[in-house]
Amino acid sequence: MDQSLLVFIAVAEEQSFTRAAEALHMTQPAVSQHIQSLEAALGTKLLDRSSKYVRLNKAGDIVYRHAKEMSGLHTKMQRLLDDLLHTASGTLSIGASFTFGEYVLPHTIACLRARYPLITPTITIGNTKDIAALVAARQLDIGIVEGALPEQDKLKCEPFAKDLMYVVVGAGHPYAKRQDIEAEELLGEHWIVREEGSGTRTATEKMFEQYGIRPLNRMAFGSTQIIKESVEAGLGISLLSEWAVRKEISLGTLNRLTIAGQPVERDFSIITLRDTFHTKAAELFIEMVRTREGMPQQPT
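Following this line, the structure appears as structure tokens:
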């Protein structure tokens, strides 16, 4: 890949010629020369510079986004070529939404590392919307998310497992000793939900719609852990995956409830770019996920 583009990416991310030079083990004049050459070749300035800051202008933002995609493609090309000659190795960038990423993925990664020690995974945790965007932008090789994704031409979405979700209440809640509840009993409760873009938030909204529940009192938090702590503290109730609350259920600090005898179901799905080659490391990981190898047993 063109060296000037790599230097430009570093300057854009560090927002400093000096820090970019340090990161690239280059001199600052050499960094400046690469940027000048790139701007001359493209016929436009890419950076707004002052004594206090270095920032992308509109043209620079366009070049940065495409340069990052090109860098990702170049790295993947090298890894694919390496795979032809060597055993599975190299980096593997995996993104996962919070429920799978925090409560299931570590077990799969442990199994992957035990079987293929030359593969070095990097993990990004975010909500479903953000993980999908990173896969589409080639910043992640694979995404694992909960819930359905809107149809996208660039992404392939493959469901591989069911996730069971329950209404959860704290040990001091009036419903703490119950196993089942009717939907109308939930109308007056204070609900604690995830932020917009979260797969858990989407499942909660679908559940509200299915049962005709329109809670007047709700709070949105950006972390499942904060929601669990808040429910334990008696701030409200929530809808969470059984994977996320299995320890608290076993300890008795939370209680799970079905609605009219049924849990809420959603899919765990693998998302990848359509019509793209996968490295050997990615293929092995995807197959492990499909067969649930290394995953703990579904909570009961």
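So in UniProt numbering, spot 54 of the sequence shown is number 54, and the numbers just go up one at a time.
In this text, a Cβ means the ideal position worked out from N, Cα and C, and glycines have one as well.
A straight-line Cα-Cα distance of about 48 Å links G147 and T27. Here the segment 177-187 makes no contact with the segment 113-126; the two share fewer than three CB pairs at distances below 8 Å. In the structure shown, P106 adopts helical secondary structure according to DSSP, grouped into three states. Following the DSSP letters along the chain, one finds G199 inside the alpha helix (DSSP H) bounded by residues G199 to Y211. With 16 or more other Cβ atoms from the protein chains shown falling within 10 Å of its own Cβ, Y64 counts as buried. Among the bridge pairs identified by DSSP, D153 is matched with none. Rounded to whole angstroms, M165 and V11 show a C-alpha spacing of 45 Å. With distances taken between CA atoms, L235 lies nearest to V169 out of T128, V169 and P159.
Here T253 is not near T99, since their CB atoms are 8 Å or more apart. E196 sits in coil when the DSSP states are folded into three classes, being neither helix nor strand. For a cut-off of 8 Å, the C-beta gap from Q139 to G72 is around 6 Å, short enough to register as a contact. Relative to the Cα of R218, the nearest Cα in the group I192, D163 and S93 belongs to I192.
Where D130 is concerned, there is no enclosing beta strand (DSSP E), although the alpha helix (DSSP H) around it starts and stops at T128 to A136. In the DSSP assignment, F17 falls within the alpha helix (DSSP H) that extends over F17 to L24. Residue pairing for R246: DSSP places it in no beta bridge. Counting C-beta atoms within 10 angstroms of its own C-beta, G172 has fewer than 16 neighbours from the protein chains shown and is therefore classed as exposed. Between L149 and G95, the gap from beta carbon to beta carbon reaches 8 Å or more. Going by beta carbons, F285 and L80 fall outside the 8 Å limit. Take the alpha-carbon of G212 and the one of C157: they are about 29 Å apart. Beyond the five residues adjoining it in sequence on each side, T200 comes within less than 6 Å, by CB distance, of R194 in the same chain, given in chain order. Boundaries of the beta strand (DSSP E) harbouring P121: I119 to I125, taken from the DSSP string.
Taking A21 as the centre and dropping the five residues before and after it, the same chain places the C-beta of T27, Q28, A30 and V31 closer than 8 Å to its C-beta, in chain order.
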